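Below is one structure; the comments refer to it alone.
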Amino acid sequence: MPEKKIPETKNKASAPIYDCLVVGAGISGLTAADHLQRSGWNVAVLDKARGAGGRMATRRKKVNPDWANPVWANPVWDHGAQYMTVRTPVAQALLDQWRANMPEPDYGQLQDWYNLAPSQDQHSVRWIGTRGMTTLPKYLAASLTTFFETRIVNIGLQSFSRAFLWELTADDGRQFRGQNIVLTMPVPQAVVLIEASQETLKDLGSAFNTTAFESMKSIQYDPCLAVLAELSSPSNIPPPGFVEFRDSPETANAPLAFLGDNYQKGISSAYTVTLHGSPEWSKAYFDAAETEITHQLIQAAAPWLDISQHNLSQVISTQLMRWRYSQVSKKNASTSFPEGFCTLSDEPGLLLAGDGFGGPRIEAAILSGLSAAKALTSTNKIPAIKV
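The opening residue of the sequence shown carries number 71 in the numbering used here; numbering runs sequentially from there.
So, in structure tokens, the structure goes:
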């Protein structure tokens with residue numbers, strides 16, 4: 071779907087005023103925006119990336135369509151989150167709703183990759199998108215007003231009709247106005263944005279929740295180094311296509327955390343694998359050279375890639391992805407936000423949501439975004455300021 075544009079904002083009087091501006095087109099932001107729009111709010115979603123998904127990321131490699139070798143036909147990798155689980159009735163109801171409404175020809179579908187329990191307990195199902203993990207985010211974004219490649223660098227306040235109005239400024243000078251804001255990027259990035267905007271946020275006075283802001287600074291994230299490899303023949307990864315190395319004292323500093331076979335997963339017609347570095351190892355090597363990172367992860371995965379230290383002919387090509395904020399750290403996850411989100415200002419509304427307030431799972435990010443949106447709709451009627 072083409073990105074929706076707004077008028078140039080040199081003349082602010084002609085710029086639209088949204089009921090809510092959601093910063094971040096990951097699953098938390100999209101869930102919040104979807105609920106607000108279904109509640110009758112006029113919402114816009116802003117994100118610095120070229121498309122929706124955030125850490126629910128799928129990468130596709132463009133190849134020459136004339137190449138006859140089917141191995142090269144369509145290399146695809148899920149290189150961020152590999153699957154999602156659902157353990158709460160609220161999230162299960164959302165999942166059922168999305169699956170019922172998702173048109174297969176246009177966006178793909180959600181399906182179970184594998185189930186750890188013979189009883190087919192829904193809580194143990196690992197859900198994936200038939201077109202990669204971006205399947206769900208792309209479906210949600212398609213019905214929303216979105217502005218991609220839009221990096222917000224300042225939060226301002228504007229007096230409007232005896233009330234405050236938020237004014238977000240992008241790095242290219244575009245401005246967006248709204249009566250409420252929901253920030254859903256990783257918390258450290260939100261902290262940087264808020265601190266850069268402190269001069270204008272002073273106008274909120276005591277309405278700004280300084281205690282909550284200081285508390286959210288303690289939320290930390292683990293990095294992840296991910297290598298995306300193309301293979302000339304199938305991997306040795308056992309069905310259904312993954313090897314997961316659980317956290318333990320013995321494996322804490324080992325390179326690998328996860329191996330995923332995208333061909334077995336059903337999203338790639340080429341033989342592709344995703345290698346995730348462990349949190350501690352990724353932290354230690356995050357700024358290392360790409361060749362060193364790739365070499366170590368490939369060698370650690372050698373038994374599953376059918377290669378040896380001296381024979382890498384099975385590996386056709388590799389790409390490195392550096393996730394600085396892969397998931398909220400289990401060791402440092404904040405317990406100061408039992409509601410699952412953070413409110414820095416009630417009026418005008420300034421809320422934060424995401425896995426940083428709920429835990430390192432996609433479901434937690436979904437529930438956080440939904441809770442933030444419900445907090446806005448339960449305390450406010452549809453905002454009345456219009457242009």
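Don't be surprised by glycine CBs; every beta carbon is placed ideally from N, CA and C. What you are looking at is a predicted structure, and each value in this text was computed from that prediction instead of being measured.
Residues in its own chain within less than 6 Å of valine 160 by CB, not counting five upstream and five downstream?
For the purposes of this step, residue 160 is taken as the residue at position 90 of the sequence shown. Excluding sequence neighbours, valine 160 sits near nothing in its chain.
So, is tryptophan 137 buried or exposed, given that buried needs 16 or more other C-beta atoms within 10 angstroms?
As a first step, residue 137 is located in the sequence shown; it is residue number 67 there, counting from the start. In this prediction, tryptophan 137 scores a pLDDT of 45, lower than 50, which makes its location untrustworthy; the coordinate-derived value is nonetheless stated afterwards. By the 10 Å Cβ count, tryptophan 137 comes out exposed.
In the DSSP output, which residue or residues are listed as bridge partners for aspartate 182?
Residue mapping note: residue 182 aligns to position 112 of the sequence shown, counting from 1. Answer is Trp197.
Here's the rule I'm using: 16 or more other beta-carbon atoms within 10 Å means buried, otherwise exposed. How should alanine 442 be labelled?
Locating residue 442 in the sequence shown gives position 372, counting from the first residue. Classification for alanine 442: buried.
Should alanine 282 be flagged as near chain C, meaning a C-beta pair shorter than 8 Å?
Absent from the structure: chain C. Only one protein chain is present.
DSSP on leucine 227, reduced to helix/strand/coil?
For the purposes of this step, residue 227 is identified with residue 157 of the sequence shown, where counting begins at 1. The answer is strand: DSSP assigns leucine 227 an E or B state.
Are valine 92 and alanine 85 touching if we call contact CB-CB under 8 Å?
In the sequence shown, residue 92 corresponds to position 22, counting from 1. In the sequence shown, residue 85 corresponds to position 15, counting from 1. Contact: no.
Tell me the DSSP secondary structure of phenylalanine 427 in three-state form.
Working through the sequence shown from its first residue, we reach residue 427 at position 357. Note: phenylalanine 427 maps to helix in three-state DSSP.
Quick one, which of Val398, Trp147, Gln152 and Glu174 has its alpha-carbon nearest lysine 424's?
Within the sequence shown, the letter at position 354 stands for residue 424. Inspection of the sequence shows that residue 424 is occupied by glycine rather than by lysine. If we check each option's Cα against that of glycine 424, Val398 comes out closest.
Of all the options Glu265, Trp374 and Gly428, which has the alpha carbon lying nearest to the alpha carbon of valine 313?
Counted from its first residue, the sequence shown places residue 313 at position 243. Here the closest residue by C-alpha is Trp374.
Would you mind working out which of Pro173, Ser267 and Thr342 sits nearest alanine 212, comparing C-alpha positions?
What you label residue 212 is simply residue 142 of the sequence shown in a count that begins at 1. Per the Cα distances, Pro173.
Go ahead and label glutamine 268 buried or exposed: buried means 16 or more other beta carbons lie within 10 angstroms of its beta carbon, across all protein chains shown.
The count along the sequence shown starts at 1 and reaches residue 268 at position 198. By the neighbour-count rule (16 or more Cβ atoms within 10 Å), glutamine 268 is not buried but exposed.
So for isoleucine 222, helix, strand or coil by DSSP?
Indexing the sequence shown from 1 puts residue 222 at position 152. In the structure shown, isoleucine 222 sits in a strand (DSSP, three-state: E or B).
With a Cβ-Cβ cutoff of 8 Å, do isoleucine 97 and isoleucine 337 count as a contact?
Walking along the sequence shown from the start, residue 97 turns up at place 27. Walking along the sequence shown from the start, residue 337 turns up at place 267. For isoleucine 97 and isoleucine 337, no; Cβs fall outside 8 Å.
For asparagine 279 versus leucine 414, is the C-beta distance shorter than 8 Å?
Taking the sequence shown and counting its residues from 1, the one referred to as residue 279 is at position 209. Taking the sequence shown and counting its residues from 1, the one referred to as residue 414 is at position 344. Cβ atoms of asparagine 279 and leucine 414: closer than 8 Å.
Look up threonine 254 in the DSSP assignment and say whether it is helix, strand or coil.
If you number the sequence shown from 1, residue 254 lands on position 184. Three-state result, threonine 254: coil.
Exposed or buried, which one is lysine 132 when buried takes at least 16 other CB atoms within 10 Å?
Position 62 of the sequence shown, counting from 1, holds the residue named residue 132. Exposed, because fewer than 16 other Cβ atoms sit within 10 Å of the Cβ of lysine 132.
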